[in-house]
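Residue numbers (this note's numbering), protein chains in the order written: chain A, 1 to 193; chain B, 194 to 456; chain C, 457 to 924.
Heads up, the thing below is written out as structure tokens.
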Ligand SMILES: Nc1ncnc2c1ncn2[C@@H]1O[C@H](COP(=O)(O)OP(=O)(O)OP(=O)(O)O)[C@@H](O)[C@H]1O
Ligand SMILES: Nc1ncnc2c1ncn2[C@@H]1O[C@H](COP(=O)(O)OP(=O)(O)OP(=O)(O)O)[C@@H](O)[C@H]1O
Ligand SMILES: [Mg+2]
Ligand SMILES: [Mg+2]
């Protein structure tokens, strides 16, 4: 049996669809993000992790190189697709966050599906775009307490919403039996034939 | 896709989508390096005019969209207005501390967002999503499996949305027969998302198989749509360059803000 | 000459506990039309995928085989229209196939027109596929299959989502193009094609081929076998259960007045007046897309509609007011489930009515009745289509609502379970529950309901029933 290496069409398709499901959910919840913003207290940062949960869930499901990046790109362009708003900064942010998740997973050689890896990736992704925000949003000119609040909330969200919740969803999905069909098969041997 | 809201086509409709995306990326980097709020102000006005004239969209839809863009742009910079550093206090109440500096900085950040949204809207109204992916395959040699996965997945979005609403309805009626702890709160939310994801993965898996059974490979293929670069791409690039230069010049002549550096 | 020849096929899915196929042999002649039958989960689709080379090429699955001669040029038509199209419009979808074959752009349109002509699908090329009806979508799937220039066609339950008329018309189209092709069909609704195929192959639950023969031979000599495995055949309904009609009560439970339902701004259904009594058994019929499911949602006040719904003479404004008393079972069973175990799915319905041990006992009774014992520990989304359907009906059984609205409850069920479910409905009506069911199945409509309603030209009408 010829083993197909790399991402198959089905892998990519599933990755993109997962990302778009999150994009849909996110758009339906878009209100929350907006409602949380006005106080300027960065409460919206608490749901920030939702942006890269797609990358983490897709990776846990498929466990192949490239999946996190594609998922993150798809989730970012998801807003364009679902809400018909083209926002280049979202896509740029998405690419950076996807890349960072990808690096974390690569570090674990695309093997681990542990909670720790998911949380690490979530935190890394949360941190990854801070430099960009720094310049774009003049964060250096914020009062210190407010800046600290923003950083902590974002990291918390990366760890909890993206990492922990992502992992929880992955485990629940595995129970639905759908993962039997997809991704890197645990065992491709001819055992028992 | 926008037949209902569009009134006419302009040359921008014939610009290759890749050019538009590239320009958007350049614009993104550019606005980060503009610190003079006066320049940004004129750039906002120029982008607004461009959108109004060249998108070809009916005015009443544009006005709705503009309201949305300006309001959400403003809201997302409130953190800076309220809590930014500054010395010239304008307003102080509890933890909120608005200073002249932070206010201008906030407006500056708003304008950055608005400029990107205005150009983004122009791109959306003048591009077909399928063309983006054909251009990626033809001009950038992106592998078909990526492009077609996106196109196929986009086709599923309305189905997923419809399914989400059906799911909510089904829960609404089931609620009456069971204890509500199974359906409300985090547990209910989780089972909604899991069902939605699980169904979508199953569908994507079946679609992937169907596509390959139709002879799809990642190798060479012909294309039903042709996308290419043309003089229109050049026109748009020139237009954007002109807008930028004009904004910089105007920014030194007509100055709304006292400062030349929002930092 | 044989088109397909597979000898000693062994196949095991990676996470499955045991092999699906063990030393399976099958061969099919060139030009032969074969109908593959078997209970749900017996491996029909898997076998089809092996015959077309999708396994192991696309679906990476360990398999071992002595002889494997399979056709190069083949094409599939699958069951679910929504998961077999890639592109948004008719032209783009057909072009997808031609692009795959590297046909020059200039030749594409004439080829599309020719294929559309062959299948008689008369739609504009730039039409969005989402605007096609189910039957038209399946014709489009066949049109795209034709563009692959296949010698062999594999059809995996192509009509299972269609109403009778669309199904018949689809089979006409298929017959029109199959003369010089080999065709392998998996199908539950066999009435239309039984006489037209050359051979019928029957598989059992263990994925073994237990018998094959001409359609006449199967019906004449092996009907017993077909019944035993619960697969449908043209004479299935001869063994249908018969019940004494139940005399409905005089109490009016549900009343609809001047109900008007819109979808996407279009008027799809009008109901002037309809009153439904306690203990009635009513069927609703109508072609695909006429608004049967929408009617059900409108009655439940889940989608907006003009006009009034009364339950026990009380005007209903919100779902909450009568949810639980009136309970719908939707067309997509998956959407009804909320727990992660088949057992829990029924148990939570019992929980409010009984104390623990009794609730467990009642749950087991229902699992038994629905034939779901063996999968009680599985996730509801994991079980087969037919099992999901039964489980979704079971979610109605807890407090036993006064009115049950069922959207195609017997769809995808095998003989045995369909008959069992019908018996259950009968018993429920006898006990005073009102059953309103949407169904495409003529055999049910003519046998069981006390009243038949039909949707035609955006109107809901009473259909005369001359029996009872
Ligand atoms: N890709 C897969 N990975 C793991 N198990 C699978 C896969 N596809 C099918 N199975 C399992 O193999 C068995 C046979 O499935 P198959 O779909 O071939 O049955 P079928 O006869 O077509 O049933 P139905 O009438 O419900 O369509 C089932 O138990 C199914 O759960
Ligand atoms: N959620 C929705 N939003 C908008 N339109 C819809 C929605 N669901 C269905 N429709 C449209 O309403 C019409 C009636 O659909 P409905 O599903 O009620 O028909 P049906 O008779 O149940 O069909 P089927 O036999 O295929 O189940 C169709 O034209 C369909 O496209
Ligand atoms: Mg099958
Ligand atoms: Mg329906």
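Beta carbons: idealized from backbone N, C-alpha and C, even for Gly.
Only a predicted model underlies this, so the values are computations on that prediction, with no experimental measurement involved.
Backbone CA spacing between residue i and residue j [nearest angstrom]
i: residue 801 of chain C; j: residue 239 of chain B; result: 60 Å
i: residue 496 of chain C; j: residue 368 of chain B; result: 31 Å
i: residue 706 of chain C; j: residue 737 of chain C; result: 14 Å
i: residue 199 of chain B; j: residue 342 of chain B; result: 28 Å
i: residue 924 of chain C; j: residue 903 of chain C; result: Its pLDDT being 45, under 50, residue 924 of chain C is placed unreliably by the model, and nothing is read from it.
i: residue 284 of chain B; j: residue 450 of chain B; result: 19 Å
i: residue 543 of chain C; j: residue 583 of chain C; result: 11 Å
i: residue 356 of chain B; j: residue 386 of chain B; result: 11 Å
i: residue 151 of chain A; j: residue 46 of chain A; result: 10 Å
i: residue 224 of chain B; j: residue 289 of chain B; result: 28 Å
i: residue 506 of chain C; j: residue 121 of chain A; result: 39 Å
i: residue 242 of chain B; j: residue 248 of chain B; result: 10 Å
i: residue 854 of chain C; j: residue 822 of chain C; result: 9 Å
Amino acids of chain A, ordered along the chain, whose beta-carbon sits closer than 9 Å to that of residue i
i: residue 837 of chain C; result: 175, 176, 177, 178
i: residue 918 of chain C; result: Under the 9 Å cutoff, chain A gives no residues; its nearest Cβ is about 41 Å from residue 918 of chain C.
Proximal residues of chain B, C-beta to C-beta of residue i below 7 Å
i: residue 172 of chain A; result: 383, 387
i: residue 48 of chain A; result: Correct list: empty, because the minimum Cβ distance to chain B is about 13 Å.
i: residue 71 of chain A; result: Those do not exist, as residue 71 of chain A stays about 11 Å from chain B at its closest Cβ, beyond 7 Å.
Cutoff 7 Å: residue i Cβ touching any chain A Cβ
i: residue 796 of chain C; result: yes
i: residue 398 of chain B; result: yes
i: residue 221 of chain B; result: yes
i: residue 309 of chain B; result: yes
Simplified DSSP assignment, three categories, for residue i
i: residue 583 of chain C; result: coil
i: residue 779 of chain C; result: strand
i: residue 317 of chain B; result: helix
i: residue 811 of chain C; result: coil
i: residue 729 of chain C; result: strand
i: residue 565 of chain C; result: helix
i: residue 704 of chain C; result: coil
i: residue 531 of chain C; result: strand
i: residue 108 of chain A; result: coil
i: residue 803 of chain C; result: helix
i: residue 556 of chain C; result: helix
Residue-level contact to chain B via CB, residue i, 7 Å cutoff
i: residue 87 of chain A; result: yes
i: residue 767 of chain C; result: no
i: residue 143 of chain A; result: yes
i: residue 582 of chain C; result: no
i: residue 784 of chain C; result: yes
i: residue 532 of chain C; result: yes
i: residue 84 of chain A; result: yes
i: residue 575 of chain C; result: no
Neighbouring residues, chain C, relative to residue i (Cβ below 7 Å)
i: residue 408 of chain B; result: 553, 556, 557, 604
i: residue 375 of chain B; result: 794, 795, 804
i: residue 391 of chain B; result: 837
Interface flag, residue i vs chain C, CB-CB below 7 Å
i: residue 415 of chain B; result: yes
i: residue 403 of chain B; result: yes
i: residue 365 of chain B; result: yes
Contact with chain E by residue i, beta-carbon distance below 7 Å
i: residue 501 of chain C; result: This model lacks chain E altogether; the protein chains it does include are A, B and C.
Residue i: contacting residues in chain A (beta-carbon distance under 7 Å)
i: residue 471 of chain C; result: 180
i: residue 338 of chain B; result: 9, 12
In DSSP terms, what residue i is bridged to
i: residue 667 of chain C; result: C:658
i: residue 761 of chain C; result: C:717
i: residue 545 of chain C; result: C:584
Contacts of residue i in chain B (Cβ-Cβ under 8 Å)
i: residue 561 of chain C; result: 415, 416, 417, 419
i: residue 536 of chain C; result: 396, 399
Partner residues on chain C for residue i, Cβ-Cβ distance less than 8 Å
i: residue 323 of chain B; result: 543, 544, 548
i: residue 351 of chain B; result: 586
i: residue 254 of chain B; result: Within 8 Å Cβ-Cβ: nothing; residue 254 of chain B doesn't reach chain C, min ~18 Å.
Interface residues of chain A facing residue i [CB-CB closer than 8 Å]
i: residue 273 of chain B; result: 40, 137, 138, 141, 142
Residue i: contacting residues in chain B (beta-carbon distance under 9 Å)
i: residue 169 of chain A; result: 383, 386, 387, 390
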